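First the structure, in the form of structure tokens, and then the observations on it.
There are 2 protein chains.
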Amino acid sequence: MTIGIRGMGLIGGSFEKAFRREGHDVLNLKNASKDEIRKCSLVIVCLPPLMVEPWIKKHALDFADGTVVTDAAGVKGVVCDALRDTAARSAWTYVGGHPMAGKERSGYANADADLFRGASMIFTPYAFTSEVTVEWLKSIFSEIGFARFVVTDPVRHDEMIAYTSQLAHVVSSAYVRDGLSKSHLGFSAGSYQDMTRVATVDPDIWTDLFLSNSSVLDSVLSRFIDRLSGYRDAIRSGDAATLRTLLAEGRAAKDSAQ
Amino acid sequence: MTIGIRGMGLIGGSFEKAFRREGHDVLNLKNASKDEIRKCSLVIVCLPPLMVEPWIKKHALDFADGTVVTDAAGVKGVVCDALRDTAARSAWTYVGGHPMAGKERSGYANADADLFRGASMIFTPYAFTSEVTVEWLKSIFSEIGFARFVVTDPVRHDEMIAYTSQLAHVVSSAYVRDGLSKSHLGFSAGSYQDMTRVATVDPDIWTDLFLSNSSVLDSVLSRFIDRLSGYRDAIRSGDAATLRTLLAEGRAAKDSAQ
Chain A
1 MTIGIRGMGL IGGSFEKAFR REGHDVLNLK NASKDEIRKC SLVIVCLPPL MVEPWIKKHA
61 LDFADGTVVT DAAGVKGVVC DALRDTAARS AWTYVGGHPM AGKERSGYAN ADADLFRGAS
121 MIFTPYAFTS EVTVEWLKSI FSEIGFARFV VTDPVRHDEM IAYTSQLAHV VSSAYVRDGL
181 SKSHLGFSAG SYQDMTRVAT VDPDIWTDLF LSNSSVLDSV LSRFIDRLSG YRDAIRSGDA
241 ATLRTLLAEG RAAKDSAQ
Chain B
1001 MTIGIRGMGL IGGSFEKAFR REGHDVLNLK NASKDEIRKC SLVIVCLPPL MVEPWIKKHA
1061 LDFADGTVVT DAAGVKGVVC DALRDTAARS AWTYVGGHPM AGKERSGYAN ADADLFRGAS
1121 MIFTPYAFTS EVTVEWLKSI FSEIGFARFV VTDPVRHDEM IAYTSQLAHV VSSAYVRDGL
1181 SKSHLGFSAG SYQDMTRVAT VDPDIWTDLF LSNSSVLDSV LSRFIDRLSG YRDAIRSGDA
1241 ATLRTLLAEG RAAKDSAQ
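Going line by line, the protein sequences match chains A and B.
Quick note, the first sequence lines up with residues 1 to 258 if you use the numbering used here.
Quick note, the second sequence lines up with residues 1001 to 1258 if you use the numbering used here.
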């Protein structure tokens, strides 16, 4: 099968290496001709989130009938909403996609054929998308190691991702921006490394991701700040009983959601 | 050498296994006789933080002259202050200790002879503690894999630990206590796992650790909440420039403090 990829950063590059290893022809669609685009049975757009819709619309007449177009943007509402009308009237199919995989460092230099091994892949089809197409996507993506598929709608996706991913990136960045961070060596262990690991992500891409999902992320982040304030108040007033309860609730929540 | 350990949880049990593997005689000092305690050249107290001082004071007359007593409590100010007078007038030596290693689950069942491999060990001697004793401790602890030693005072220890460890445990607990956590599967990847990993720690022990260092932890946590509020305000108002700056500062801070 011929698979076209637009955007050869960490994610696009990892798709390229992984699908090549499985024996597929992979085309880099940067500056590709219409003939090359027309050859692709599957196109994966791995551009920064706000560039996905413009690129697909620009090439709306270039895809062959039956081509399946997906993407890797970490927000789905803005992308899927903007593409709905174009997708509805085209003979190719767009299905929103989001591979739940990444690294602390972006760029093709960090691309890795094993990046998706064991990861989850989320698809956000429209109500009018055929189920056969989604099943076909699952089978193709399972070839390169995805171990779990979630099919949901963009609203649910963006709510969950605000919590599981965007909040984690805000926390990591805020955590490391303390004057004490430069002296952590010798005083830190795994928990500090875990907290600060993803503070190195690309500021431009993550600004776009955050602002493309701002109202949901605002809610999730505000709830988190409120919970933190609960611990802070208990610590400040020496309220051991409350602190014990909060920590026990955290342990129970983690245990019930491994 | 005979090494006595009081407290056979995760940390005490890991010291037991690690020192045994190196050929030392390790005695569990729970219910040990005075003769047994007197045999120990080194005693490591791995009890919960607030039980360290009472146990050492109770046995102040049982240690042999020249015995070195250390501990593993995650706070050093309260412990070292309370033991200063006893230590100053005894023929044995107390040196505060804190191994920067742990696991998500406490208890002897999780003890591991390799727990300390590559970890940092912090010692907080008094001004009157001989340097020879500290060097001797370093050499003994390096046998079981510690790769870095920090010698500092209890105030500096407690400030750094509030940031590198205690704050991480507050964050992890608060992070997972969201209604969305029970649905994370399929929507989460490494960053979520990292954020929530240590939410399972023992609520009693960590309540004592937090409240034994409450004013410093209050400051560190308040600064963190203030920083988070900065991201929240920028997200709410759609201020891309500020968000990009905050994320770039986070990346720079992480890069300069690997």
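Backbone N, C-alpha and C define an ideal beta-carbon position, used for all residues, glycine too.
In this text the structure is predicted, and so the values were computed from the model without any measurement.
Can you list, in chain order, the residues of its chain whose CB lies under 6 Å from that of residue 1091/B, leaving out five sequence neighbours each side? Reading the second sequence from its first residue, position 91 is the one you call residue 1091/B. Closer than 6 Å at Cβ, skipping near neighbours: 1065.
Using a Cβ-Cβ cutoff of less than 6 Å, which residues in the same chain neighbour residue 1077/B once the five nearest sequence positions on both sides are dropped? Locating residue 1077/B in the second sequence gives position 77, where the first residue counts as 1. Result list for residue 1077/B: 1154 and 1158, in chain order.
So, are the CB atoms of residue 8/A and residue 94/A less than 8 Å apart? The sequence position of residue 8/A within the first sequence is 8, counting from 1. The sequence position of residue 94/A within the first sequence is 94, counting from 1. It is not a contact, given that the beta carbons lie outside the stated cut-off.
Less than 7 Å between C-beta atoms, sequence neighbours within five positions excluded: which residues of the same chain meet that for residue 1105/B? As a first step, residue 1105/B must be located in the second sequence, where it is residue number 105. So the list reads 1200, once near-sequence residues are dropped.
Reduced DSSP secondary structure (H/G/I, E/B, other) of residue 96/A: Here residue 96/A refers to the residue found at position 96 when the first sequence is read from its first residue. DSSP places residue 96/A within a strand segment (E or B) once states are collapsed to three.
Could you say if the stretch 1071 to 1089 of chain B and the stretch 227 to 243 of chain A meet the contact criterion of at least three C-beta pairs nearer than 8 Å? The stretch 1071 to 1089 of chain B vs the stretch 227 to 243 of chain A: no contact.
Residues in the same chain with beta-carbon distance under 6 Å from residue 1042/B, minus the five sequence neighbours each way, listed in chain order, please. By 1-based counting over the second sequence, the position of residue 1042/B is 42. For residue 1042/B, where only same-chain residues beyond five positions count, the Cβ hits under 6 Å are 1003 and 1068.
Under 7 Å (Cβ pairs) to chain B, residues found in the stretch 237 to 258 of chain A: Cβ contacts with chain B: 238, 240, 243, 244, 246, 247, 248, 249, 250, 251, 253, 254, 255, 256 and 257.
Beta-carbon proximity list for residue 1133/B, same chain, < 7 Å, skipping 5 on both sides: Residue 1133/B sits at position 133 when you count from the first residue of the second sequence. The residues 1068, 1093 and 1095, in chain order, have a CB closer than 7 Å to that of residue 1133/B in the same chain once the five nearest residues on each side in sequence are set aside.
Which class does residue 52/A belong to by DSSP, given the choice of helix, strand or coil? For the purposes of this step, residue 52/A is taken as residue 52 along the first sequence, with counting starting at 1. For residue 52/A, the secondary structure class from DSSP, reduced to helix, strand or coil, is helix.
For residue 1054/B, count the other beta carbons within 10 Å of its own beta carbon; 16 or more makes it buried, fewer makes it exposed. Which is it? Here residue 1054/B refers to the residue found at position 54 of the second sequence. Counting Cβ neighbours within 10 Å, residue 1054/B comes out exposed, since fewer than 16 surround it.
Which partner residues of residue 1028/B appear in the DSSP bridge assignment? Here residue 1028/B refers to the residue found at position 28 of the second sequence. In DSSP, residue 1028/B forms a bridge with 1005/B.
When the Cα atoms are used, what is the spatial distance from residue 160/A to residue 181/A? Translated into positions along the first sequence, residue 160/A becomes position 160. Translated into positions along the first sequence, residue 181/A becomes position 181. Rounded to whole angstroms, residue 160/A to residue 181/A spans 30 Å at the Cα level.
Look up residue 42/A in the DSSP assignment and give the residues it is bridged to. Mapped onto the first sequence, residue 42/A falls at position 42. Under DSSP, residue 42/A shares a beta bridge with 3/A and 68/A.
Thinking just about the alpha-carbon of each residue, which of 1220/B, 1232/B and 1198/B is nearest to the one in residue 250/A? Mapped onto the first sequence, residue 250/A falls at position 250. Per the Cα distances, 1198/B.
Quick one: is residue 1059/B near chain D, going by C-beta distance under 8 Å? Among the protein chains of the structure shown, namely A and B, there is no chain D.
Within 8 Å of any Cβ in chain B, is that where the Cβ of residue 154/A sits? For the purposes of this step, residue 154/A is taken as residue 154 along the first sequence, with counting starting at 1. For residue 154/A, the answer is no, since every Cβ of chain B falls outside 8 Å of its Cβ.
Taking Cβ-Cβ distances shorter than 7 Å, what residues in chain A pair up with residue 1204/B? Position 204 of the second sequence, counted from the start, is the residue given in the question as residue 1204/B. Those within 7 Å of residue 1204/B in chain A are 244.
Can you confirm whether residue 1071/B, when its beta carbon is compared against all beta carbons of chain A, has any partner nearer than 8 Å? Along the second sequence, one-based indexing puts residue 1071/B at 71. No, its Cβ sits nowhere closer than 8 Å to a Cβ of chain A.
Residue-chain proximity (residue 1180/B, chain A), Cβ-Cβ < 8 Å: As a working note, residue 1180/B is residue 180 in the second sequence. The C-beta of residue 1180/B comes closer than 8 Å to at least one C-beta of chain A.
Counting only beta-carbon separations shorter than 8 Å, does residue 101/A have a partner in chain B? Residue mapping note: residue 101/A aligns to position 101 of the first sequence, counting from 1. Cβ-Cβ to chain B under 8 Å: yes for residue 101/A.
Using a cut-off of 7 Å between C-beta atoms, extract the partners of residue 139/A located in chain B. Taking the first sequence and counting its residues from 1, one reaches residue 139/A at position 139. Simply none; closest approach about 18 Å.
Measuring alpha carbon to alpha carbon, tell me which residue in 1039/B, 1166/B, 1224/B and 1227/B is nearest residue 1202/B. Here residue 1202/B is taken as the residue at index 202 of the second sequence, counted from 1. The shortest C-alpha separation from residue 1202/B is found at 1166/B.
Contact the stretch 226 to 233 of chain A vs the stretch 1026 to 1034 of chain B: 3+ CB pairs below 8 Å: These segments do not touch.
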